[in-house]
Amino acid sequence: MCVTQIFSSNNEEYKMGNSYAGQLKTTRFEEVLHNSIEASLRSNSLIPRPVFSQLYLEAEHQLISNFEVSNAACKKPSNEEEEEEEDDGSESSSPLVHYQMKAVPEGCCTTDGFCQAGKDLRLVSMSKEQMELPSGFLLVGAKSPNLPEHLLVCAVDKRFLPDDNGRNALLGFSGNCIGCGEKGFRYFTEFSNHINLKLITQPKKQKHLKCYLIKNAQGSLMKGPLICWKGTEGRMQQSGSSSTSSVPSQPPESPASSTTVSSAESISGSNQSTSTGFQQAGSPADPALARAGVSVTHNNRELSRHKNAMKVNDVATQNTSRPSVIGNLANSGPPKKRHRGWSPDSPSATETSSNQSNLPAQNSSSKTELAELTCGTQSSHLGSNPSPLTVSEDPVIVPDNLLKICGTRLVIFKGHGSFPYLCGNLSDVVVSPLLQNCYGNTQSLPRVYEQHCTSVTTVVSVEMQILLTVYYLVQLEPDQVPLIEDLEHILVRAWQESNLTETKHYQQAVSQSVPPCVSSQALAVTSKQLTWLAKLAASSCKNVVKIVDWTNSLAEGLTETFKLLSEGKLQGNNFVVIICTTKNQSTESCVVVTGKRQAGFLAGRMLGPKEHLKEINYELVTGKIGELGTFFSSLCPDGDLDTLLEKCSLIGNGHGAGFGVSLNKFDASAQRPTICSVSNKETCQIHPIQLAVARKLLSHVCAIADSSTQNLDLGSFENVDFLILVPPSEVAYQQTVLRVRQSGILVELGLEAESVASQSAEHYVMKLTAEDQSKFEAFQQRVLNSPYTLFILIHDHAHWDLTSGGAVPRSEPFLGVADRIINSNEMKEALNVLTLQVTSFPFAFQTQQTYISPYNEIHWPSSWNNGVDLYQEDNKYFGLSDLIDSTYSGHRLPLLRYDSSFEAMVTAVQERFPTVHSAVIWTYILIQHYSAAMMVTAGHSQMKNYSSVETLEIIQSLINSPRSCPGRHGYMVLLRIPSVSLAALAYERLCQVRCRLSLQCRFEIILGTPNAKITIDQHFVKQLKGWHRIEDPDWAPQTYLDLEDLPCILILSGTDHYGESFPRSAKYYDLRLINSTCLLRTALEQELGLAACYIVPDAFGQTGTMNDLPESDLDKPGSTNDDEESVANEAPTVGDSIKKNGIKRQRSYPNHSASSKSPKASSRKSMIGDNDPFSVSGAEDSAKNPLNVESVNVEDSTLVREMSKPRADNAGKMPIHETKHLEKHRISLDQINTNNKSARRTSKTISSDSSFTRTPIIGQMSSQCPKTKGASQPPTVFLPKLVHEIVTKVDSAGVAKLSSFLPHHSVQWVTSFHPSLAKMMTSTEQSLYYRQWTIAKQNHMDLNKTQTRTEVFHPRRLLLSGPPQVGKTGAYLQFLNILSRMLIRLMEVDVYDEAEINLKPKEHSASQQKESLLWPDLETFSKLAFDYTVHDPKYEDASPVYSRDLANNKGYLTNKKDDDVYLRRHTTRLRLSKYAAYNTYHHCEQCHEYMGFNPRCQPYDSTLHAFCFSCSMLGEEVQLHFIIPKSKEHNFMFSQPGGQLESMRLPLVTDKNSDCIKSPIFTPTTGRHEHGLFNLYHAMDGANHLHVLVIKEYEMSVYKKYWPNHIMLVLPSIFNNSGVGAAHFLIKELSYHNLELERNRQEELGTKPQDVWPFIIIADDSCVMWHSLNTEIPKNSSSVSAEPKVVERNVSLKHVLQHIEVTTQIPRYALCGFRKWSSKVSSPYLTEPFSRCHLHDFLMLNVDLTQNVQYNQNRFTCDDVDFNLRVHSAGLLICRFNRFSVMKKQIAIGGHRTFLIKSKIPDVPMSISPSQYICAPDSKHTFLAAPAQLLLERYLQQTSNNLFPLSMQNYSHPVLSIDCYLNLGHEITVCFVSSRPHSLNINCSGLAFSGLLLYLCDSFVTANILKKFNFLKGATLCVICQDRSSLRQTVVRLELEDEWQFRLRDEFQTANSQEDKPLFFLTGRHI
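In terms of this note's numbering, the sequence shown is residues 57 to 2023.
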């Protein structure tokens, strides 16, 4: 029979969705066909098995034939079985037959020890690697004949390996390659070829798989016990056949029947959202399950009930010689020899035959049970291996109708010992290994804590584990569900108390559920004491826990439990703990969960979110919910809700009065122009905290660039580009595009023109879908084409998709896109790409395999610190901690609540429909509540008993809110329905009810699905356009923010949230339908994060919780702000909300609805009545005390007044009528239903009239506009009760319960027994916690990192985390902005831009040079007069040097500025040229070797050399030290024997090398190791040069660290407190001494001494760029007389120096230099290309000519002016090249600023004035901690106007200064005169001086010289000497007393102590 004929012969209903999730059963068909063919090939019978009848023929018609055929097909001679046994099971009996290996594919690796993919498999190489095994696999060692000393690491399915007795190994093979990751090897032959065993005999697993591989205490993989291959697989099969021949077999009575579908033991699927431990424990490796799955599930039809009643009776009489199609052993496991199509991850043949052949559309529970094949739990990832079961143990029969008896499917937790076989009605039970895994994990505790050096002695005994489990179950409330996390913490605590002598800091206190009686002494419990203690504990829990003690076997105890359940004797028991204690065996146990809520929760938790949705979709597709819909349609007084709605529709359309008329009137009134009091319209702005976060991001980027790894070179980038990745949500996509437009970032970055920026914004935002892949390709192309652009790849809402690109199912192609983009080699290896992942839940990335360094995490800061607002924000962030805090608010109604009446109705309906998925029931009930509430609001008060107070409050606030606003602004209600199918169902039903009630113009209902746009009615579009003043006729809302103020119900669907923001008008967040069984921290916090918003703190109060009025009275406008419009803080953990108040807070308001006094009793009584769903008595009670009245029970007004006192201030701000309204209803919900009289009185306020003018109290609104309230009050959130309990619960240590759950479904714990989070953990500490205790799952994108085995952290990946809706988008957009500005700033520099001062007027300037000269002519230049005037603007506040020009121009008074101007030097920001000098922050590829960061160069590979020379000025020998890197040693000469430094090489004057600079460059520096411009590589254009940094001894280490490849000259320690004069002095002395040494050395080589290059360069450490000034005639100018144009170009320092060095007769010049740059180019620079004047900052010094002219080593300031005057007076030439200029960078730190004058008395703050710099000798003056010379110079500069009163602005009568220049302030002129013979001095004839300054005068100064000068009467004399003795000797030697008058009080000293050697000076007056 062909396949098409078979399909056509079947019933029509089996053609339709009879497969899982509506798919055809092709997979099932192929597998059964495969099994049948294989069985036929093994059988001697020629009759094939009727495969298709298993799938499609009805069970009752095919029962007999199936039995016969299957029996015939499975018969096999015993001798054949023995032959197979010997062939497969015995290694020794296998003959050595020649084996021909399959040819290795071309290009594959054939190296021994490596797989064909080239991956190393040797144990020695793999021992340290992290490997994650699939469920049910073990690591084993394989022996290769070519590598006898090595073991190869393999992953093998443990079902194909024997147990400790050498038995129970399935025939065949299943394995994976650990090296390359290839999976699915079904033949050992094929596997051995892949791992290159190169065998010459037939490969056999028994021969080559030698031992298990285990991990030692250090976590390294090592050889373990040998694999016991003694027993054979054939014997196992034979014994299995005999043992299961008595197992009862049942025919497939209905396609919904399933043998082991409901048993979690049969799980081996690949559920990606759950951990693998549960799968491992539930795999067919359990022999009990592999041999005993032979039962049939329950059917809800009467026929199936009748058949099921016959099952137990048929067990004893079943013919054991005829195994059934479902239950025979041939199909109970994988086939002996497998095709490639069979997967060990799929159910065994037994399960396959039973599960997939029984899937009709009419069964109501088959899909629910089938989904459990792929379920798992988060806590069971380390599942232990169950003990092998004895074959002779009898199975336990699950009785029929168990589901009907218990009202739920039982959950059985395997515990200790061997779990018995189960048969019978297995569809009514779920077997879970969770508890067994938990017990097994306790054995791993010693290994877990061993790394922390904890002494471990024992583990928790089996008896103690069972007893602690009983203790935990006993303390649970009757309606509380157990959590495996709680039990894990209890076991950890017990283990700690028994083994640890001291609790470590990382171990936190566990839940308060730990019994206080547990101690180390109590942990020793015997098996005899166990039962007694367990029963004693259970006796105190009101029969919640039942202890069943059995001494024979666990199977008998389980049978007894089923018997008690069938007899109804366990009513009220939630848990049954079965304990089996025998004499000769260990204690065994299991737990049976019988409580409806507990069992339903635990069964549902085994399924992931996707499996839940599949079950829901299946029930909707197959029509299983038809009966449920019929039931809810009858829930109304008339018995038919649709009929009642139809009547409402007719009334509304056919009559002119009533609700419809009021609606029309209201609609008409809305057309009038209205004005609202407050507008929430805000412009796009960046708030301070967002700017702070952006700067933190920038600082982390700079830290990456500054690190020594050189992974990011910010200096090489000129622009910034970006691409934002968002989840595949159309709303989230449009929202991000809108923010990009509003931010103007495209224009700021220069990416788009302003005119097209709005249209181009979409190109920079990409949805993570395959359709948008072109945007990434374009981005990738830009990355390749623009190496000088820094690209930022932003992954927003990054936690949404963590799926690895290689683990994506075909059904969900949008998953894994982020991994394929972010972790692509192109993005990871691109040096110009920086990845920023943005999330609200960073713990999804904080695993052991993360790519993100903990130093690259940026956490959102708290805006409050110790009650201080750090950022001065107008709005306050209201997040999860604030919601939780509202539950402890005392007299206020919490904002986080649950609806108890809704929960009670759910319980009642679930009892009536136990087989329907709970999510379907919850959704139907919520639809019913919303429908009834809309009807009540429309005037049909008879429906008020069919809704809850909360739902009535929501709907009435929604419909009536526009009445309080003239603009018809209203609230949004967000209804969260995760299932898209149920959301569509709710949308359709609510729209239908709204239309029937004629409410379609009052509020909108919007279905929000991820991939769809927002669709609303045109009526509401017009309203929105009017509110937002939008004139575009085609405009439509694209984001939820566009729905601001629109009254609407937004049904938000989808499993996860996609990062959409919601408007401030969102008032209610109805989360009652979120999946409470999926307990993950990310999932729960993400759902609660929907309600995060910003509020106005003044209106809301400092505590963050308001709402002291009942919600039925006061509207609770919610606000969910755009996350970039306002900013504030969110507490780091939800548990931190407890620490806001120091006292213990108790709840005075219940967090549930007040609609029912006894929710369970009343709801159960009304919902399951015999005749009517709601009984008459219940209706009467409700009529007396209606739902919507109970919550507003008004009490005595005196109490109201007392309660209103704390709110008097706020109430005073409201209108009088509003205040009275608020006070009227300020009551306590605890007082509800306590006074029947008041209840009857209040009920009169509710009118049953349908008129809109009379509204129930719940709907009464304040006159305040909802738009105004939305900005000041947070929303209200409704949760399921279980989630509410979890979220609000904290343990005794104050840690939130929520934080103990698994962080994300893509990660798992390293071990279940991990320490808890601490209460006060910061975000950084939480990150380190999760990085230590979580690992990535197989499907996590970060798992690829472990496969590469080379990466640690990605150097250019950042993680930005912050609470939901806090403003992260605005922060990272601002980060792009400031990053771009910083890159521009890095390419720019602030240089001094100041015109020269004291310039001569044009009429006095006469050019004596040709303008075209490039080099000076020595003869002509020597005739030029020296310009004494200092033109450098930095000396504008210094004393002018006297000259005739200065006197004639009266000191150039026109150039003088005010005093305050001197403190603010003018700068200009310029872009750096390619010839600039850089500081240490510059890193580029070209100068890496120059800087010493080349990998080939070892940093700090330098040597220290001493260099000594004698100095006559110092009177002693000077020893300097050179630090010379190895790469620079060629510039020095060393003695051959000892390597002693002899000299520094100098070139010859005649040398010509275009790629070399002759002059050594010396740069004195202090305090600028980071900011000094010492990188001259680019400035020199790559030319060879010698650069020496002159540093002080105490700064040697820090300069060496930052500049490892620079030569350094270290000054002696005696100069640590000296100024720049000392550095200049020693540089010059050293250079001259070196010149003499080089001349001697070169003379020996035949070179003339005068041919040695005599110049050095002394450069300032802030010289950044150099310019050249030229004149050019414009090319387009045709006129002959066209004026030349001045052109200034950037040139390299190489060009400038080489130009100067080739000057004719250059050795004749003493000093050469160039001018200071200024943007104001002056003509004299062109007319006079060279000048004889002062040189500063950068000069070329001829040390030969200036041998006798020294720098003053004592000077701190103006030493260059002093030296210039000395050089000129010696008759030497000073030449300035005016066509060249140097730019000086403004550096705010270091240099002369390092010298601070402070008191020598420590810790005494005092302000020191310049007058305190000196004091009288021997006086009790406060000494100062500063050099004496510095104090003297500062004193003379700032107080000389008192010292030289006649010299003030007296330019014709300067102060005479002999042999020195000192700065006496800008108002006093100094005339410099040298006392040296033959010196050139200014003509002083006829000049009378106003003062005389003698500074440390030497013997050249005599009395005769002084007598040549004339002084004004009263002129001041100042004599400065080293000590008092020298001072007196100088006075006597110079005969000063003849013309000068002295007084004793005129003697002073600098304010130094004697050990600091003060300077002394004497003043006098000219007689």
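Built from N, CA and C at the ideal position, the CB exists for glycine as well.
Spatial distance of residue i from residue j (CA atoms)
| i | j | result |
| --- | --- | --- |
| Arg1032 | Phe778 | 33 Å |
| Ile283 | Phe229 | 15 Å |
| Arg1835 | His1643 | 25 Å |
| Phe193 | Cys233 | 12 Å |
| Ala2007 | Tyr1807 | 25 Å |
| Phe2017 | His1824 | 28 Å |
| Glu162 | Gly174 | 13 Å |
| Ile780 | Ile877 | 12 Å |
| Tyr1546 | Leu1632 | 9 Å |
| Phe2026 | Gly656 | Given a span of 57 to 2023 for the chain in the structure shown, any question on residue 2026 remains unanswerable. |
Classification of residue i by the beta-carbon crowding that lies within 10 angstroms, buried from 16 upward
| i | result |
| --- | --- |
| Lys1964 | exposed |
| Asp1793 | buried |
| Val965 | buried |
| Asn599 | exposed |
| Val1987 | buried |
| Gly1677 | buried |
| Ile270 | exposed |
| Val601 | buried |
| Gly682 | exposed |
| Thr979 | buried |
Three-state class that DSSP yields for residue i in the structure shown
| i | result |
| --- | --- |
| Glu1383 | Just to set this straight, residue 1383 is Ser in the shown sequence, not Glu. Three-state DSSP puts Ser1383 in a helix. |
| Glu833 | helix |
| Gln1364 | strand |
| Asp1446 | strand |
For residue i, the nearest candidate out of the options (CA to CA)
| i | options | result |
| --- | --- | --- |
| Asp938 | Gln837, Leu754, Ile635, Thr1344 | Thr1344 |
| Gly628 | Asp875, Thr650, His1370, Ser622 | Thr650 |
| Val782 | Cys1057, Ile760, Glu818 | Glu818 |
| Ile1342 | Ala1139, Met662, Ser1495 | Ala1139 |
| Ser1591 | Gly861, Leu1055, Met1636, Arg1697 | Arg1697 |
TODO: Output the residue ranges of the beta strand (DSSP E) runs that lie fully inside the region 943–1031 and measure 3 residues or longer, sorted by chain position.
DONE: The region 943–1031 contains these whole beta strand (DSSP E) runs: 952–954.
Task: Length at least 3, wholly inside the region 844–907: the beta strand (DSSP E) runs in chain order - done: The DSSP assignment places 845–851, 889–895 as complete runs of the beta strand (DSSP E) inside the region 844–907, in order along the chain (cut-off: 3 residues).
TODO: Please list the segments of the beta strand (DSSP E) lying wholly inside the region 1678–1730, counting only runs of 3 or more residues, in order along the chain.
DONE: If we require 3 residues or more, the beta strand (DSSP E) runs fully inside the region 1678–1730 come out as 1711–1715, 1719–1728.
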